[in-house]
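A short worksheet on the structure shown next.
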Amino acid sequence: MEKEIVYLDRNEHNYGPPPSVYQILKNADLTKISWYSRSFMTGSKSKLAAYLSEKFGLPEKNILLGYGGEDILKQVVHCYISFDRTQRTLLIPRYSWWYYKAIADEVDGKTVTFPIYQDGDQFRFDIDGMKRVYREEKPDMILISSPNNPTGNSLSLEDLKQVIEAVDQDTVIVLDEAYALYANPDTSYIKPLIEETPNLLLVRSFSKYYGLAGLRIGYGFMGNGLSKFAKFSARYLGYNRLSEEIAIAAMEEKGYYEEINRKMKEDKALFAKELGSMEGFTVFRSDANFILVEIPETMVQGLKRFMNDKGLIIKFMNEDGFTHHLRISLGTQEQNQRVIEAIKAYVRG
Ligand SMILES: Cc1ncc(COP(=O)(O)O)c(C=O)c1O
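2 is the number of the first residue of the sequence shown in our numbering; add one for each residue after it.
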């Protein structure tokens, strides 16, 4: 019998989307795939943009769609950080998703970092440190993920407001909120924030909370000062029409996802209790669907082999600051239990 492999290394969603999403696919009008959407004829970007506009109370010109948060982030960085006579600068937290520097590198941008520090069993952004680096480096863009990957900590609304106040309006502020719904189901702050902050872009995803990573669809909200980006990101022939319908169906299933998030919160507490009490282990608090765990350096190679042999694929980090750390994406409760038992069994020897 083939060994079942459980992937818990890329922050995907092991519960999968709700049945109504599969229903959309089953009943889809497949003739749609031969035709571009004609939304633009009605003055709308797309069906999903119109839906998001209504849901979040913002005009469609402030709504943005893309092939995942990945695509929107690449677009905005390429738009504002492209080498143009002088080199442009991107400011990111010292520990963040490796992808941010990679997309700045693609257009010969310079990346600088501000401090993020460990405070007991959690990480915190150093906002004063951010302001200091901002004054020294005068970056063209600040990009922060909240909750942050891989550290799991969030930027509070108060801290975000401090960032906004500290920077000039010609500095673009990008907040990557791919994991935000795990931390906070309340999205009412988005409308006033976008209305008040012309240089702000919020990027969101359907991949994580909604379990639609394979669909490659993401969305965002942009302030009125980002007109260069509004032009840069325009899509004249529309988006993926089936993906849009699936995304809307998922957003309608609030209760389904809330229940999963409740289970994930329970499991984060379980990981902290079960692994956090072992010598040399620190389980960091996380607002997202993954947890960062520091383990004894001597265990890295052996534990990696042991977990792989069991078909439990978790991420063994190997980057600046995180050389003996695991990033474990939360799976179903049964999968999480298996991960905990496996790690404990390895440590027991
Ligand atoms: C912080 C962060 N932002 C964005 C993404 C990409 O999400 P999407 O699937 O919407 O492209 C990821 C994926 O791992 C991520 O970790």
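By construction, the Cβ of each residue, glycine as well, lies at the ideal position given by its N, Cα and C atoms.
Residue closest to residue i, alpha-carbon to alpha-carbon, out of the options
i           : options               : result
residue 10  : 349, 308 and 96       : 308
residue 244 : 222, 216 and 64       : 216
residue 206 : 240, 122, 306 and 182 : 182
residue 73  : 52, 246, 32 and 202   : 202
residue 328 : 272, 350, 120 and 334 : 272
residue 173 : 90, 301 and 241       : 90
residue 99  : 338, 350, 318 and 340 : 318
residue 235 : 80, 260 and 31        : 80
residue 268 : 131, 338 and 83       : 338
residue 66  : 300, 285, 231 and 303 : 231
residue 141 : 101, 94, 88 and 130   : 88
residue 34  : 240, 254 and 310      : 240
residue 83  : 229, 156, 260 and 121 : 229
residue 298 : 194, 281, 289 and 68  : 281
residue 340 : 266, 350, 118 and 312 : 312
Nearest-angstrom Cα separation, counted from residue j out to residue i
i           : j           : result
residue 158 : residue 21  : 34 Å
residue 332 : residue 7   : 8 Å
residue 5   : residue 276 : 24 Å
residue 283 : residue 323 : 12 Å
residue 185 : residue 137 : 33 Å
residue 258 : residue 210 : 7 Å
residue 222 : residue 212 : 21 Å
residue 58  : residue 115 : 34 Å
residue 46  : residue 342 : 49 Å
residue 26  : residue 204 : 26 Å
residue 12  : residue 108 : 27 Å
residue 86  : residue 70  : 28 Å
residue 326 : residue 291 : 13 Å
residue 1   : residue 305 : This structure leaves residue 1 out entirely; the chain is present only between 2 and 350.
residue 123 : residue 242 : 41 Å
residue 165 : residue 18  : 35 Å
residue 197 : residue 191 : 10 Å
residue 39  : residue 179 : 29 Å
residue 302 : residue 104 : 30 Å
residue 270 : residue 350 : 24 Å
Assumed close pair residue i, residue j - CB separation to whole angstroms, cut-off 8 Å
i           : j           : result
residue 168 : residue 135 : 6 Å
residue 163 : residue 199 : Actually they are not in contact, since the Cβ atoms of residue 163 and residue 199 sit about 17 Å apart, beyond 8 Å.
residue 249 : residue 23  : In fact, because the Cβ distance is near 14 Å, the residues do not count as touching under 8 Å.
residue 149 : residue 97  : 6 Å
residue 128 : residue 106 : The Cβ separation is near 26 Å, so there is no contact.
residue 227 : residue 177 : Not quite, the Cβ-Cβ distance comes to about 15 Å (not below 8 Å), so this is no contact.
residue 76  : residue 285 : Not really, about 31 Å apart at Cβ, beyond 8 Å.
residue 68  : residue 218 : 7 Å
residue 64  : residue 237 : Going by Cβ atoms, the distance from residue 64 to residue 237 rounds to 16 Å, so no, they are not a contact pair.
Distance cut-off 6 Å: residue i Cβ against heavy atoms of ligand 2
i          : result
residue 77 : Inclusion of ligand 2 in the displayed structure is not the case, the ligand content consisting of ligand 1 alone.
Practice prompt. Please list, following the chain, all residues that have a C-beta closer than 6 Å to any non-hydrogen atom of ligand 1.
Written response: 12, 69, 70, 71, 98, 146, 150, 177, 179, 206, 208, 214 and 219
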